[in-house]
Structures are given as C-alpha cells and as structure tokens.
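Its first residue numbered 1, the sequence shown is counted upward by one per residue in our numbering. Every residue gets a Cβ at the ideal spot worked out from N, C-alpha and C, and that includes glycine. The next block holds one structure in the form of structure tokens; read it before the comments.
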Amino acid sequence: MTAMTTRTAGGPGAYGAPGADGEPGGPGDAQSPTAAGAPQSAGRRAHELLRAGFGLLGPRHGRHTLSADDLDTLALPIGDDGVVIGVDAEGQPAVLGLNRPTPYDVVLIGGLWTAQVFALRAAATGARVAVETGRAQAWTQMVHAMGGGQNGLAVYDVGRVPPQGASAGTPVLVVRDCGMRPPRGRVVSGPWQSVLTLLPYLSPVAPRLLRQARLVGVQRISPDEAGELGRTMGLPRADVDSLPTLADGITLWCSDRDRQYVMTQPTDAEVGLLGTPRRMD
C-alpha cells in the first residue's frame, strides 16, 4: 500500500519553501539548485533524498507531552473483577472476586435460586463449577442448558466430589447444596478453589460454618433466627430487624469489615432458565 501526503504550497516543508532544517536546499526544497546551478530533475531529487535517509514525509503533528507534575492526574478507574452478584443500594454493581490464590469459603443462608445464579455467573467468568448436592434433579436443567456438563458445570452426589485440580488457569467453585446439616466435605477450599455452602435456614452446624467463612450472605429468615444470627455475628440491631423483612432476591452480604445489601437482578436468559427471584424452593 502506498501512502500519499498532501501539503499546501507555501506551508512549512512545502515545495519551493525552506527545508525542514530552515535552510535553502533542505530536504523540503524541491527547487534547490544543483552545484552547476541547473534545476534537478524530480527523479534525481527523490533519489538523493532516499540516499540521504529521507523517505516519504508524512504529516506533521505536535508532540503529546505531559509534565511530571501532571502525572498524578492520569488516574484510571480500575475496579474489582469477579462475579457480579447484583447491585447495591446506590445501583452500582456488586462484584465478588471468587478466583483467589488463597482459600475462600462463602456461606449463603438463603434460597437455591440465588446459589444457582451464583454458579451460572461463576461459570460465565471461566471457572469450573462442581455442585455437591442431594437433590440432583434441581440442577438437571442447568446442566442440560450448559451442554451436559461439558461447559464448566458438573453435579455430584454428596461426598462424591473428586479432586478438581484447580489452578490459576482453571479456577474452581464448589457449591455444596447438602441440606441443613452438610457433612464435612472431602473437597475443601484451597488456592484457586472457593467453596460456597448453601444453608436453607440457620441450622445447628451454622456457627461452625460461619466461623470458617470469609463471606456470609443472609436472605430472609425468621425473627428468632435473625436474633440468633445477630448474636453470633455481632450484627447491629438495624440489620437484625431488617432480615425478616427482606424481599426475594435481596441478600445481606457480610465480611469481616463490611456489610452490604445487594439485590440480584436476573438477566432474561437467567429468568428463562431459573425463573424469577425467590427465597423459598
């Protein structure tokens, strides 16, 4: 491909004007006389320019410079990466980074619908999802929709999850849907392998699981359960009072240093596969 440039006669570097170095006879002066005083031919002039190291002269632009004092103004908005679990009270995306080089345990006291949305979105980010469940039929539709287990989601009976071989290139999420009293899992959290344990209600094993968890999600529970959970987790009274009144699809996520209400909004594809948000299964 041949690049062509158009220059205005009489402008800087134009034919017949002073050359790029500001001296007559410079590389921009096509009318420069020869040593004998006769005008050069166009072919000879081009040949001399190429021999001197000058090719086609492109457009001239001012330099883009930035002073050292202005470097601090180049702030780039870099946010968290991970699974979008919903939106917060200000309508901003709430993102949970599941793929970590350290063990990460999550406990969700809530409904199957939220756990399934969680699994779908984790698979969409490239994680492999292994579901340990005593109700495989509840996950069958998801498995079929995702290609029969060939596209990142597999379902196993309780206690039958094999080693997953998680790595930075193939992170894993293990979803434990094992009822009110889940047994101790054979496959635990580790580098690049997170574990999400689903509890339909507050159960006798909940305190142990909550102590181990790095993140706890709580959906609508009874006033008695809210009071007990408040004492276990040290929740403020306002949160304890709000838990029995939470709408479907809203979760209070709690970490060591933060609490946040998040509303999970399904996409059209998720509604078609799983239905609308619900707390009860």
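Residue nearest to Q212 within the set G179, M263, V107, P163 is V107 (criterion: CA-CA distance).
Per the coordinates, the alpha-carbon of A94 lies some 30 Å from the alpha-carbon of Q137. Comparing C-alpha distances from L112 to each of T102, G97, R100, V131 shows the shortest one belongs to V131. Ranking A127, G185, M142 by CA distance to the CA of G169 puts A127 first.
Residue pairing of V87 in beta bridges, as defined by DSSP: P93, M263.
By the C-beta density criterion, S189 is buried, having at least 16 other C-beta atoms within 10 angstroms. The Cβ neighbour count for Q141, taken over all protein chains shown within 10 Å, is under 16; the residue is labelled exposed. The C-beta distance from L98 to V83 rounds to 6 Å, short enough to meet the 8 Å contact threshold. For the pair G185 and A119, the Cα-to-Cα distance works out to about 18 Å.
The continuous alpha helix (DSSP H) containing L209 extends over residues 206–212. Secondary-structure assignment with DSSP links V240 through no beta bridge to anything. P183 is a Cβ neighbour of V158, given a cutoff of 9 Å. Annotation for W253: the continuous beta strand (DSSP E) segment containing it runs 250–254. The beta strand (DSSP E) runs of length 3 or more contained entirely in the segment 114–178 are, from start to end of the chain, 128–133, 153–156, 172–177.
When only Cα atoms are considered, V218 and V271 end up about 22 Å apart.
Taking the Cα positions, T114 is about 48 Å away from D69. Excluding residues up to 5 positions away in sequence, V95, G97 lie with their Cβ nearer than 8 Å to the Cβ of D81 in the same chain. Leaving aside the five residues that flank G227 on each side, the residues in its chain whose CB is nearer than 8 Å to its CB run, in chain order, V240.
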